[in-house]
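Participant: First the structure, then my questions, so here it is.
Numbering (the working numbering), first residue to last: 2 to 207.
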């Protein structure tokens, strides 16, 4: 069966994809990667704010998925299960990064070498925008990411899952294992803080 057919079966019936994953189908895993690599990266990037760290979190997430899919019992939706792993691995990466930064001191005499170019969240644009539109989009992207990075982690995660990834309140509650009331409270407070932090940026571009 082709990747396209597996993907179609998944849309129609999640069980079809899970069944193939649990028997070790490489095509099924490629389809899963195609469906979820970008959203998992976006979540990791929005939380970590670093493309290289986000890429590492994605790799760890899919390694955990590959190893753990045989234990998936369908008690939650596949997407919710994947996002739980993604959040956990991203937070693990954040804790590791904080410990690493405390141990490492960069020498001002040595150039900083980047292993890859900045990419930002993975998106597939519908058309090629002009230079001015690209610049405006880049500035907005940087402003949003900077504002997001200043939110408390609890607020940031809920805002990312709801307003960027489009999860329902119920999916967020299940993913984070918190109540619906807590989801709504964190989302409201996170949105208020984000709006306040973006206020100066918006006024400066009128």
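All C-beta atoms, glycine included, are put in the ideal place defined by N, C-alpha and C.
Can you name, in chain order, every residue of its own chain whose Cβ lies under 8 Å from the Cβ of residue 69, other than the five neighbours on each side?
Facilitator: Here the set comprises 86.
Participant: Using only the alpha-carbon positions, how far apart do residue 57 and residue 92 sit?
Facilitator: Their backbone Cα atoms lie some 12 Å apart in a straight line.
Participant: Nearest CA to the CA of residue 54: which residue from 146, 30 and 94?
Facilitator: Closest by alpha carbon: 94.
Participant: Tell me the rounded alpha-carbon separation between residue 158 and residue 65.
Facilitator: Taking the straight line joining both Cα atoms gives about 20 Å.
Participant: Within this structure, are the beta carbons of residue 45 and residue 24 separated by less than 7 Å?
Facilitator: Not in contact: residue 45 and residue 24 (Cβ atoms no closer than 7 Å).
Participant: Taking the alpha-carbon positions, what's the residue 61 to residue 48 distance?
Facilitator: Their Cα atoms are separated by approximately 15 Å.
Participant: Kindly indicate the opening and closing residues of the alpha helix (DSSP H) around residue 173.
Facilitator: Element bounds for residue 173: 170-177.
Participant: On a CA-only basis, which of 185, 20, 156 and 50 is nearest residue 169? Give me that one, please.
Facilitator: Of the candidates 185, 20, 156 and 50, the one whose C-alpha sits nearest the C-alpha of residue 169 is 185.
Participant: Based on Cα-Cα distance, which residue from 181, 72, 83 and 22 lies nearest to residue 41?
Facilitator: Of the listed residues, the one whose Cα sits closest to residue 41 is 83.
Participant: If you count every other CB in all the chains shown that lies within 10 Å of the CB of residue 75, and 16 or more means buried, which is it?
Facilitator: When all chains shown are included, residue 75 counts as exposed.
Participant: Is the CB-CB distance between residue 191 and residue 161 below 7 Å?
Facilitator: No.
Participant: Determine whether the beta carbon atoms of residue 150 and residue 50 lie at a separation below 7 Å.
Facilitator: Going by C-beta atoms, residue 150 is nearer than 7 Å to residue 50.
Participant: Is DSSP giving residue 79 helix, strand or coil here?
Facilitator: Residue 79: helix per DSSP, three-state reduction.
Participant: Of all the options 140, 39, 67 and 183, which has the alpha carbon lying nearest to the alpha carbon of residue 29?
Facilitator: Ranking 140, 39, 67 and 183 by Cα distance to residue 29 puts 67 first.
Participant: Using the rule of at least 16 other Cβ atoms within 10 Å of the residue's Cβ for burial, across every protein chain shown, is residue 193 buried or exposed?
Facilitator: Flag for residue 193 reads exposed.
Participant: Taking the continuous alpha helix (DSSP H) assigned at residue 161, which residues delimit it?
Facilitator: First-last for residue 161: undefined, no H or E at that position.
Participant: Between 16, 199 and 73, which has its C-alpha nearest residue 144's C-alpha?
Facilitator: Checking every option, the nearest Cα to that of residue 144 belongs to 199.
Participant: Exposed or buried, what is residue 43 when buried is set at 16 or more other beta-carbons lying within 10 Å of its beta-carbon?
Facilitator: By the neighbour-count rule (16 or more Cβ atoms within 10 Å), residue 43 is buried.
Participant: So residue 171 packs on residue 181, CB below 8 Å; how close in whole Å?
Facilitator: Confirmed, Cβ separation roughly 7 Å.
Participant: Could you tell me which of 147, 140, 195 and 80 sits nearest to residue 177, measuring between CA atoms?
Facilitator: Here the closest residue by C-alpha is 80.
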